[in-house]
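Structure first, commentary second.
Residue numbers (my numbering): 72 to 217.
If you want it as structure tokens, here you go:
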């Protein structure tokens, strides 16, 4: 079985001290992790914010090596995924517009891929989990290490 990942999975794979790393590695040991390429882009922002420019160089190497890592597949997003995401966001503003009025485009793209593939999604995002219940999609709620 394949597992669709959101950006928190990328964070967990990259940072050894991530609270979700153990669970993500456990999933990877049993299933192929499918990571949309946009998650790699989205993760760059908090990595830069948390660790600065030098960390982006390290993250660059991580990204270069990720496609050859075992049980990892990088999914290229398409214009169809983007178009579907924009429609999904417009029709589900309570899910894809945050409290400050910002569009949560990365989440909408992930959701559009999730709906299209029906692959279980590994996430901690409460809005995506709620959407999954509404659309009868399987979610794997990532758990923090104890």
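Beta carbons are placed, not taken as given, at the ideal position from N, Cα and C, and that holds for glycine.
### Task
Scan the region 131-184 and note each continuous alpha helix (DSSP H) run of 4 residues or more that stays entirely inside, going in chain order.
150-162, 164-167
### Query
Do you know offhand how far residue 194's Cα is from residue 132's?
24 Å
### Query
Quick one, are the C-beta atoms of residue 179 and residue 161 less than 7 Å apart?
no
### Query
What first and last residue would you give for the alpha helix (DSSP H) that runs through residue 199?
197-205
### Query
Excluding sequence positions up to five away, which residues of its chain have a Cβ less than 6 Å from the Cβ of residue 113?
78, 177
#### Entry: Pick from 213, 182, 154, 217 that is closest to residue 207, judged by C-alpha positions
Among 213, 182, 154, 217, the Cα nearest to that of residue 207 is on 182.
### Task
Specify whether the region 112-129 and the region 158-175 touch according to this definition: at least 3 beta carbon pairs, one from each stretch, less than 8 Å apart.
no
### Query
Would you call the region 186-204 and the region 74-93 in contact, with 3 or more CB pairs under 8 Å?
With a cut-off of 8 Å, the region 74-93 and the region 186-204 count as touching, because enough Cβ pairs lie within range.
### Message
For residue 203, count the other beta carbons within 10 Å of its own beta carbon; 16 or more makes it buried, fewer makes it exposed. Which is it?
### Response
buried
### Three-state secondary structure assigned by DSSP to residue 124
helix
### Message
Buried or exposed, going by whether 16 or more other CB atoms sit within 10 Å of the CB of residue 151?
### Response
With fewer than 16 other Cβ atoms from the protein chains shown falling within 10 Å of its own Cβ, residue 151 counts as exposed.
#### Entry: Cβ pair residue 109, residue 166 closer than 7 Å
Residue 166 is positioned such that its CB atom lies no closer than 7 Å to that of residue 109.
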